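In what follows, a single structure is set out as structure tokens and then discussed.
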Amino acid sequence: MAAEGKLNISELDFAKIKENLTGFLSSQAEFVGYNFKGSSFDVLLDVLSYNTHYNAFYANMVANEMFLDSATLRNSVVARAKHLGYLPRSAKGSKAIVTLTITPTDSPSVISIPKNTQFQGEVGGVSYIWCTANSHSVNINANGVYTVADVTLSQGIPSTFRYTVNTGDTDQRFLLPNANTDTDQLTVTVQVSASDTDSTVHTLANDITTINSTSSIYFLEEVEDGRYEIQFGDNVLGKAVSNGNIVILSSLICDGNTTNDAKSFSVVSEVGGYSNVKVETTSTATGGAPSADIDEIKFNAPKSYESQNRCVTIFDYVTTIKSEYTGADAVVAWGGEDADPPVYGKVYVAIKPTSGAVLTESAKTLIKTTILNKRNIVGITPEIVDPDYMYLKVNSTVKYDSGRTTNSASVLKSTVSTAVTDFGDTNLKTFDKSFRYSKLIQAIDEAEVSIKSNQTSVTIKRLLYPRLGSSAAYTLPFSNQIYHPANNFWGAVTSAEFSYNDSVNTLWTGCRLQDDDGVLQVYRSSGEERILVDNNVGTITYLSGKVELKSFKPIAIGSETTGNTTPLEVYVTPASADILPLREQIILIESGDVNITMLDDAGTGTYVKGSISTTDGTTLTTGY
1 MAAEGKLNIS ELDFAKIKEN LTGFLSSQAE FVGYNFKGSS FDVLLDVLSY
51 NTHYNAFYAN MVANEMFLDS ATLRNSVVAR AKHLGYLPRS AKGSKAIVTL
101 TITPTDSPSV ISIPKNTQFQ GEVGGVSYIW CTANSHSVNI NANGVYTVAD
151 VTLSQGIPST FRYTVNTGDT DQRFLLPNAN TDTDQLTVTV QVSASDTDST
201 VHTLANDITT INSTSSIYFL EEVEDGRYEI QFGDNVLGKA VSNGNIVILS
251 SLICDGNTTN DAKSFSVVSE VGGYSNVKVE TTSTATGGAP SADIDEIKFN
301 APKSYESQNR CVTIFDYVTT IKSEYTGADA VVAWGGEDAD PPVYGKVYVA
351 IKPTSGAVLT ESAKTLIKTT ILNKRNIVGI TPEIVDPDYM YLKVNSTVKY
401 DSGRTTNSAS VLKSTVSTAV TDFGDTNLKT FDKSFRYSKL IQAIDEAEVS
451 IKSNQTSVTI KRLLYPRLGS SAAYTLPFSN QIYHPANNFW GAVTSAEFSY
501 NDSVNTLWTG CRLQDDDGVL QVYRSSGEER ILVDNNVGTI TYLSGKVELK
551 SFKPIAIGSE TTGNTTPLEV YVTPASADIL PLREQIILIE SGDVNITMLD
601 DAGTGTYVKG SISTTDGTTL TTGY
């Protein structure tokens, strides 16, 4: 209620505005005792209140759009980011690497493959177009075959837009009219005139300190509707375009991330004038992404401003790669001085790709050469490394009340298993995400209303790829303290089965690893007895969680007897229920590592008898 003779302006919803106006008028001597609600004056108050409410709303919206944190319209967010020198990422077409083998009908000395030669690939039953990112020249090899390797294909349909410069038109703009234009593939060419075809290719201005009045550069910025505009210099900061010049903008109109994972490609028409072309995929299509959304711009713009387009701190490396490389799902960096052992003069960057588990070698090279090298300080060498995946095996005995649910035990088991994997997807699967045991317990208890409690154990699994039949040393950093209650204790370390030779060269199948007070051993089972096959194949450091195998020579894993393509699963029991990753490590929970046992506890005091499989292959009986 407004005080006498004063109007309360602190409340801006319609009802309060009307109430405050009524109170204000009621306090005036002319309207003492006046029944506002019972008169036509009430309609006028409605109009005044609505008008005030609308004006207040739009004033608040305008104020919100002036700040990066509170802006909700894309144009406003982009404009605020522009003040920080940040250019939002355009849509990116996926890239694949192929090898082309051409069988010509004649014997040319060389076959020229122009840029934007088109190929076709299929994803999800839909066909898309890829184009060669560069031109290539192919010479006949010693076998009489025309082959070119490492051909990069960029997804998108070629498009070209031409503008005739009119210096008399102050409103002339050079726009890329399609919002799905891949600016990484943009080529800006300025032709002298319609009659003079001499032309100059302009480059994107990245560092104004290197630009002078004659620099053939262009500036790029996002404008309305997610489109991009090209701007040229003013003969002070970059060379200006002249009246009659022809501005040619060539790029690709891409389909973003929908084209990722394309595995096979075919020729659309001809390659270098020949149709008999074999296309072999070296690297499947990755890196496709939609244009940066509002949240991404809000997140990256301040961090890009902090880095000032250079890589000095580890945070600069993370920000730069996240902004420039669309195929990065997560990034972490650390200095070589923090490595084990320390390596001075290097910065290590681990990247989890959006598609697959690790980056291809070509993608790593691309990041180093086109993104990091031009921003890296002298004397520091960046190294791109793979994420280090640790897996969790979850064994849980879940008690439920069958009287509180219509679901069967098998349905409940599936529900709990899904809850565990969903927990991993939500809370893990990236760098710097720790596993919290209590939160997993809570997620299991809340999976279904009938669940009363659970007893859950967690072990850490790592994958070792030993070269079968060859003696070698391997290190498995679990990076968490390993369970070790007393001497003469075994069971903190175990593994899946493998074949191994004993000291007299007898081959034994069904062998596993175990630890004995810091010593790693190979054993086989005979009934309930463990028989040693090799009493010392390495060591375990319980405190740091490091497992080191020395002179380890498995003969077979499963059906594989040669090579190193089949992993050996190695398990440890952590000393703490909470598990923490180190730097490049990522914790995962996969559905195949979740073992759920359901026990009906309906209040009768009788449990359903069941069993729990342990990591060492034994079985524990539950219930009574």
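Per our numbering, the sequence shown starts with residue 1, numbered consecutively.
We treat Cβ as the ideally placed atom computed from N, Cα and C, and that holds for glycine.
Fair warning: this is a prediction, and the values are worked out from it, not measured in the lab.
Item	Value
Mapping DSSP to helix, strand and coil, what is Q442?	helix
Work out the CA separation of D388 and G424 for me, nearest whole Å.	16 Å
Of all the alpha helix (DSSP H) runs that stay within the bounds of the stretch 125-159, which reach a length of 4 or more residues?	none
Can you tell me which of the three DSSP states N260 falls into?	coil
In terms of alpha-carbon separation, which member of V47, N257 and S199 lies closest to G124?	N257
Let me know if T259 comes out buried or exposed under the rule of 16 or more other beta-carbons within 10 Å of its beta-carbon.	buried
Identify the continuous beta strand (DSSP E) that holds L100 and give its terminal residues.	K95 to I102
So within the stretch 300-344, which uninterrupted alpha helix (DSSP H) runs reach at least 4 residues, ignoring any that extend past its ends?	314-324
With 16 other CB atoms within 10 Å as the buried threshold, where does A473 fall?	exposed
Could you give the distance in angstroms between the alpha-carbon of V522 and the alpha-carbon of D69?	58 Å
So does L507 have its beta carbon nearer than 7 Å to some heavy atom of the ligand FMN?	Ligands in the displayed structure: none, and consequently the ligand FMN is not present.
Using a 10 Å radius around the Cβ and a threshold of 16 neighbouring Cβ atoms, would you call K413 buried or exposed?	buried
Taking Cβ to Cβ, would you say A518 is nearer than 8 Å to I482?	The sequence given here places Gly at residue 518; Ala does not occur at that position. It is not a contact, given that the beta carbons lie outside the stated cut-off.
Figure out for me which residue from A194, T22, V151 and N501 has the closest Cα to the Cα of F36.	T22
Reducing DSSP to helix, strand and coil, say where G558 ends up.	coil
Please tell me whether K303 and T313 are closer than 8 Å, where the distance is taken between their beta carbons.	no
Should Q28 be labelled buried (16 or more other beta-carbon atoms within 10 Å of its own) or exposed?	exposed
Starting from K413, trace the alpha helix (DSSP H) both ways and give me its first and last residue.	A409 to N427
With a CB to CB cut of under 6 Å and the five nearest residues on each side skipped, what residues in its chain are close to E560?	T566
Using CA coordinates, which residue listed in E548, S544 and E497 is at the minimum distance from R524?	E497
Taking DSSP as the reference, what is the three-state secondary structure of G545?	coil
Among T210, V223 and N243, which has the Cα closest to the Cα of T167?	N243
What does the alpha-carbon distance come out to for the pair I246 and G144?	44 Å
Just mark G563 as buried or exposed, buried being the case when its beta carbon has 16 or more other beta carbons within 10 Å.	exposed
Could you check if E584 is buried or exposed, using at least 16 other CB atoms within 10 Å of its CB as the buried criterion?	buried
Going by Cα to Cα distance, which pick from Q118, S323 and E337 is closest to S154?	Q118
Leaving out the 5 sequence neighbours to the left and right, which residues in its chain are closer than 7 Å to N235 when beta-carbon positions are compared?	S213
What do you get for G469, buried or exposed, if any count of 16 or more other CB atoms within 10 angstroms of its CB means buried?	exposed
Starting from P353, follow its DSSP beta bridges and name the residues at the other end.	A328
Which runs of the beta strand (DSSP E), 3 residues or longer, sit entirely within the stretch 229-291?	246-253, 265-267 and 277-286
Counting only the same chain and skipping the five closest in sequence on each side, list residues whose C-beta sits under 8 Å from that of F431.	A330, V331, V332, A350, K352, P387, P581, R583, E584, Q585 and I586
On a Cα-Cα basis, can you pick out the residue from V411, I129 and Y400 that is closest to S269?	I129
Classify K609: buried if its beta carbon has 16 or more other beta carbons within 10 angstroms, exposed otherwise.	Because K609 carries a pLDDT of 46, less than 50, the predicted location of this residue cannot be relied on, and the following value inherits that uncertainty. Flag for K609 reads exposed.
Taking the straight line between their C-alpha atoms, what separation do you get for D106 and I157?	31 Å
What residue range does the alpha helix (DSSP H) around G23 cover?	F14 to S26
Which whole-angstrom value describes the C-beta separation of Y325 and L588, a residue pair presumed to lie in contact below a C-beta threshold of 8 Å?	Not confirmed; about 22 Å, so no contact.
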